[in-house]
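To start, the structure itself, in structure tokens.
In our numbering, the protein residues as written are 1412 to 2403.
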């Protein structure tokens, strides 16, 4: 029976959260005897402890030494005692050393001790007098100080552990710990003065001023339970005192060293924490104590960027507070101008990376503070944002991390969602850090490795029920913090803002702003100022974010080809998007969307005009993948879905035209931003043209062809650059139309085919992004029928075909309509374009026509050398040469049976028909002409085959082709040189 009862008792212990059941059962029996409290009541009380086993063992050890003190505190403040002893074996050891301190837990946990109360208590512990000297000059003062400090921190911990939500009270707790540290340093300084008075005359010690500046978490009042307390010491001489400055520095140095020793040296009572003075000028190599003037001289001449970042949290902490305030006031302007230093942002980013790199490999995943996704990621991100934007915005000059986050989100520098996540995760990580340090009263930032310790952490924080749960919380927070940190900490906008001249980050008068805009390249500064005013005026969050973005975006616009047009386009897009939250958030937070947008709007009227009608496309700028061409299959599926949703042809075609405009803009953005090659652009433009024609044909067919005539076959054949899948921006879509009656009466079939063609031409028209279906390459040219039957084509080609018509068929490719009909037409075309026995007379005629085209078709007054299509070495030269070779040799050389100019040229080179060097020169000219032609259209929004002579337009084209700014002459010379070389190769091969 006893065995059964014992098993039942152990089961009860397991349910109560105990893990070492046998040992804890014995300890509970002993504790019950020591305290006179029933075992069952002890079990119930111990359940609130994070570590019930440890709490019971601690009570037993203390009870053996001081049973009355233990019994009294368990009776009067049991909840506080169990919580504290269960969360902290370090405090269990403290109360074992000093059981008389247990009584001070009675009444604890309801409120935090105030900073003033803690300072008075700690000064009283060393017997400090009115002059700041402790009563004793030996170690006893420091021992008393340490005991009293731990008593006060126990009260802070009791409040912390008693709270329903530790994350919610974290700021109060961290501030109280910082106040306790400041008070401890004040008390230790009093003991140091008493000791120093045995080494220097007391009156000299009395007139020596020493300010202790709190840095880091201490300065920001967000301290941990056991953390290095970063300080800087500033010395001075009391006003009116006759003490040499050098002597005062010597005494202050001794005072500083003794103050640190009183806190950190090994004594009977263990050290409190490390006092770290290494953030001082020159670090460990520098003087421990300097005067205020010496500090300022160093910061003005020698300080590195990280030192100013450290000064962000500087606060007068202890000692001579008036001198400390003077120090803080003097260094603050240096802090907020530090971001203007060369490579400031980069240096801060590299410093964060070095911190991570120096973590031992086996600790990286466990580092709450320094590791990826840890506390430092949040702190560095917040501090960098403050330092970069704080020069011009005093509202974000906050010392605490959480206070700075509130200010940053209020001023629009961080999105609300990111700030909320950062704030909550920061609180959670700090609570975890607090509980880890409180556990043994030791400085640590490492997650435990054992399940038992993880379980204690889970219970102490209240974040999870068990070890697995707290591990999952940590992993989730790490991932989220790291993602936000990477996105915000490496914002290109930060480097750009930091690089702005200081006067551009502050407010300028209207006249100054007008002159500045004119100086950096705006042609209409007054108009630009109106646009800026419209975007930034008001108190809305949108206007606030625009005010932050505008100085940098103005600079980026000014770097573009047409900053004025870029600015007005940006205003239009911003206004069309209204209060859409994602737009400005993306510009502020993304890895380059803002700069990309300014590059596009100031560099391309074609893209800017399209984006004004499709402003949501700005979202693509945040993802290179979104700037890639969509597959023809995906476009076809979307076009079919569109048509399925609309009953009328008008509604369906409006949606199809919108689809085409959207894809044209996507391709334009990809080309402008260097994401796509000219070959990818050509293929993308060809695909969307094909899908548009296919969708239009389906819609027109449904409208025009009744069910009884559905046997009619109809097809659209692509010709020219469209057939070769070599379209550029602004290119016409050359096509011819073919039908086969297929049982439908001939006259009826002809009428229906004409209606289909008319419908195609009508419904494909687009005023915003013109799409011309040009049938000029049909038999008999513009004098011939718009559409023919397949038999009519066959008869015409058999009897009347001219050499240029066979030449035109070399680029023929079916793109829409009946697959069967396309196959039959292509078989017919193959007999003409790939003849077994080329007609010598026809080949001579082609050469004659080429010479006539060069003389007659060039627009009047145009410089031949600047015409990219018909000029010497232009597109026409390369294409006619390739087509001549195809007519001559395609029957024998399979590679020449292609509609692609460049593929056929490569096949001709491989077959030995074109020398290697000639092929390279011809291909280079063809690709360059294609790029220049598209760039010209993108720049101006208008189609032109002529290389501009205007230097500004040439420079704009050059920038789109990734030349350096002001490269107009280089662009011109590159084309003329390339064209000359290609022309020589053409003449040798074409005319012989």
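Yeah, the Cβ is synthetic: ideal placement off N, Cα and C, and Gly gets one too. Bear in mind the structure is a predicted one, so any value in this text is a computation, not a measurement.
Cα separation between residue i and residue j?
i            : j            : result
residue 1985 : residue 2001 : 17 Å
residue 2051 : residue 2106 : 7 Å
residue 2113 : residue 2043 : 22 Å
residue 1418 : residue 1430 : 14 Å
residue 2027 : residue 1465 : 60 Å
residue 1654 : residue 1648 : 7 Å
residue 1982 : residue 1824 : 20 Å
residue 1925 : residue 1790 : 39 Å
residue 1988 : residue 2078 : 22 Å
residue 1506 : residue 1556 : 16 Å
residue 2343 : residue 2393 : 16 Å
residue 2018 : residue 1845 : 54 Å
residue 1623 : residue 1701 : 11 Å
residue 2350 : residue 2372 : 11 Å
residue 2095 : residue 2041 : 8 Å
residue 1519 : residue 1562 : 11 Å
residue 2167 : residue 2115 : 7 Å
residue 2057 : residue 2103 : 16 Å
residue 1669 : residue 1603 : 5 Å
residue 1783 : residue 1840 : 13 Å
residue 1870 : residue 1878 : 9 Å
Assign residue i to one of two classes, buried (16 or more other C-beta atoms within 10 Å of its C-beta) or exposed (fewer than that).
i            : result
residue 2366 : buried
residue 2248 : exposed
residue 1679 : exposed
residue 2230 : exposed
residue 1493 : buried
residue 1718 : buried
residue 2383 : buried
residue 1715 : exposed
residue 2312 : buried
Going by DSSP in three states, residue i sits in which element: helix, strand or coil?
i            : result
residue 2224 : strand
residue 1605 : helix
residue 1705 : helix
residue 2333 : helix
residue 2397 : helix
residue 1726 : strand
residue 1539 : coil
residue 2309 : coil
residue 2178 : coil
residue 1778 : strand
residue 1447 : coil
residue 1623 : strand
residue 1919 : Its pLDDT being 49, under 50, residue 1919 is placed unreliably by the model, and the measurement read from it follows with that caveat. In this structure, residue 1919 counts as coil in the three-state DSSP scheme.
residue 1460 : coil
residue 2144 : strand
residue 2387 : helix
residue 1581 : helix
Find the nearest neighbour of residue i within the set the options, judged by alpha-carbon distance.
i            : options                : result
residue 1579 : 1873, 1807, 1516, 1484 : 1873
residue 1766 : 1773, 1748, 1788       : 1788
residue 1585 : 1636, 1482, 1502, 1529 : 1636
residue 2396 : 2300, 2352, 2292, 2057 : 2292
residue 2036 : 1657, 2339, 1980, 2081 : 2081
residue 1641 : 1688, 2269, 1952       : 1688
residue 1706 : 1760, 1691, 1471       : 1691
residue 1833 : 1853, 1894, 2353       : 1894
residue 2363 : 2355, 2376, 2354, 2356 : 2376
residue 1480 : 1514, 1459, 1468       : 1514
Give me the DSSP bridge partner(s) of residue i.
i            : result
residue 2278 : 2357
residue 2150 : 2125, 2200
residue 1700 : 1644
residue 2163 : Residue 2163 pairs with nothing; no bridge assigned.
residue 2185 : 2145
Does any residue of chain C bring its CB to less than 8 Å from the CB of residue i?
i            : result
residue 2116 : Note that chain C does not occur in the displayed structure, where there is just one protein chain.
Sorry if obvious, but does the Cβ on residue i come closer than 7 Å to a heavy atom of the ligand MN?
i            : result
residue 2305 : Among the ligands in the structure shown, none appear at all, so the ligand MN cannot be discussed.
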